[in-house]
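These notes are about the structure you will find just below.
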Amino acid sequence: MITDKRLLRAEPNFRFLAKLWRVSWLYVLLICLLAGVGYGALYSAGGGSAKPFAGPQSIRFGFGLLMMLGIAMVSPRILVKFAWPLYFFSLALLVAVLRMGHVGKGAERWLVLGGFQLQPSELAKIALVLILAAWFHRAGPDRMGNPLFLIPPALMVLAPVALVLKEPNLGTAVIIAAVGGSIFLAAGMRLWQMALLIAPLPFLGRFAYGHLHDYQRARITTFLHPESDPLGAGYNIIQSKIALGSGGMWGQGYLHGTQGQLNFLPEKQTDFIFTMIAEEWGLVGGLSVMALLLVMIIGGMLMALRCRNQFGRLLGLGIAMNFFLYCVVNLSMVMGAIPVGGVPLPLISYGGSAMLTVMFGFGLLLSVYVHRDMRFGDADP
């Protein structure tokens, strides 16, 4: 029997088949299962109809699935070459959104291109992971111990963070900074160096609070005392908690959630989609979705750690961490553990930009796994 490694050294057609064989199809199945959960939730959010949410979202997922598998076939050596162009392209889009972006809920976050709304901050997260992995993949312990070597990647993180804060989009800016910090640690950054970076955060937080927009301050105040304005700033989180509690152990039943179906639950197709799931399927359903998300996070990290080159490990870990932060921020937000920040639940919430960028990230993760035995000094498979 011809092994996949021998196929990788064979003719191009056989190399392609070998790469397909090396794809983690179990992980692809988990992705499809999570997207199926999202379709069911959006079908319910549409009042028992594929329009206006579930149908378009399924088309986006189908396109994203093909894109993901296509990217999985691309060698990490090629991905390194595209790291810088993609990073600067994402920065250009972030600048463009400040000049001509679509305004929604007090912020400029979208570019309208041919009828499609693109949120550049979503692409910026993936581009940052790619460029940091490319920067650190040849860095040894000596270079990581040199503070001057860390200045350029630190500026790479600060640039998109500053532009996203300018939109303003505090939640996504925090995620971008956290993803960047996680790659620094994974690359071998000393703990004392990280402590020096973290030490000024309380002072920067106090400074940032003084420059927040009124609606952002209202979110923080509402987080601490939601009952102080139950029909205004506190309405969203109060209705979310009511829906979570009303689900009980087994839920009110599919398409029978009172808060969701009677439109008391705000943004039920986007930010608060998990609340709708928990109301209809109860604690058991909510925990099942969280377990699926956890399995995907752990699986992504394990795939990254199996890679034999530093670029692949850092890229895979960065993608997995980005997915993890998506989930943690959204779930914490709808449960009232953190202020509402407008972060979607990946593959479940309605939205084109988030869906396609998440699938793009999964494509990079699968590419890392497919080429896990590759070293940058070896011949390209």
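Anchor point for the sequence shown: position 356 equals 386 in the numbering used here, and the numbering is continuous, going up by one each time.
In this text, a Cβ means the ideal position worked out from N, Cα and C, and glycines have one as well.
Can you grab the Cα-Cα spacing for the pair Thr202 / Ser379, in whole Å?
Looking up residue 202 in the sequence shown gives position 172. Looking up residue 379 in the sequence shown gives position 349. Rounded to the nearest angstrom, the two C-alpha atoms are 16 Å apart.
By the three-class DSSP mapping on this structure, what secondary structure does Arg139 have?
Numbered from its first residue, the sequence shown carries residue 139 at position 109. Here Arg139 sits in strand by DSSP.
Under the three-state reduction of DSSP, which class applies to Ala40: helix, strand or coil?
What you label residue 40 is simply residue 10 of the sequence shown in a count that begins at 1. Low local confidence applies: a pLDDT of 49 at Ala40 is under 50, so the model's placement there is unreliable, with the coordinate-based value given in what follows. Ala40: coil per DSSP, three-state reduction.
Leu285, DSSP secondary structure in three states:
As a position in the sequence shown, residue 285 is number 255, starting the count at 1. Three-state result, Leu285: coil.
Taking the alpha-carbon positions, what's the Glu197 to Ala126 distance?
Looking up residue 197 in the sequence shown gives position 167. Looking up residue 126 in the sequence shown gives position 96. Cα to Cα, Glu197 sits roughly 11 Å from Ala126.
Taking the alpha-carbon positions, what's the Leu128 to Gly275 distance?
The sequence position of residue 128 within the sequence shown is 98, counting from 1. The sequence position of residue 275 within the sequence shown is 245, counting from 1. Using only the alpha carbons, I get a separation of about 40 Å.
Can you name, in chain order, every residue of its own chain whose Cβ lies under 6 Å from the Cβ of Gln223, other than the five neighbours on each side?
By one-based count along the sequence shown, residue 223 stands at place 193. Once the five neighbours on either side are set aside, Gln223 has no close Cβ partner at all.
For a test of the three-state rule: what should DSSP assign to Leu394, helix, strand or coil?
Within the sequence shown, residue 394 is the residue found at index 364, counting from 1. Here Leu394 sits in helix by DSSP.
Kindly list the residues whose CB is nearer than 7 Å to the CB of Gly371, restricted to its own chain and excluding five residues on each side of it in sequence; keep chain order.
Start at 1 with the first residue of the sequence shown, and residue 371 comes out as number 341. Within the same chain, Gly371 has close Cβ partners Leu200, Gly201, Val359, Met363.
Label Val187 either buried or exposed according to how many other C-beta atoms from any shown protein chain fall within 10 Å of its C-beta, with 16 as the threshold for buried.
To locate residue 187, count along the sequence shown from 1; it is residue 157. When all chains shown are included, Val187 counts as buried.
Sequence-distant residues of the same chain with beta carbon closer than 7 Å to Ala80, five excluded per side:
To locate residue 80, count along the sequence shown from 1; it is residue 50. Excluding sequence neighbours, Ala80 sits near Tyr73.
Reducing DSSP to helix, strand and coil, say where Gln147 ends up.
Reading the sequence shown from its first residue, position 117 is the one you call residue 147. It is a strand residue.
For Asn266, name the three-state secondary structure that DSSP assigns.
The residue given as residue 266 occupies position 236 in the sequence shown. Here Asn266 sits in helix by DSSP.
Can you name, in chain order, every residue of its own chain whose Cβ lies under 7 Å from the Cβ of Arg173, other than the five neighbours on each side?
The residue given as residue 173 occupies position 143 in the sequence shown. For Arg173, where only same-chain residues beyond five positions count, the Cβ hits under 7 Å are Phe179.
Are the CB atoms of Glu309 and Gln282 within a distance shorter than 8 Å?
Within the sequence shown, numbered from 1, the residue matching residue 282 stands at position 252. Within the sequence shown, numbered from 1, the residue matching residue 309 stands at position 279. Yes. Within cutoff.
Beta-carbon contacts of Leu313 that lie in its chain and below 6 Å, excluding the five residues immediately before and after:
As a working note, residue 313 is residue 283 in the sequence shown. Taken in chain order, the residues that qualify are Met279.
In the DSSP assignment, the alpha helix (DSSP H) including Phe19 goes from what residue to what residue?
Beyond the ends of the chain as shown, which are 31 and 411, falls residue 19; an answer cannot be given.
Does Trp165 come out as helix, strand or coil in the three-state DSSP assignment?
Taking the first residue of the sequence shown as 1, we reach residue 165 at position 135. Three-state result, Trp165: helix.
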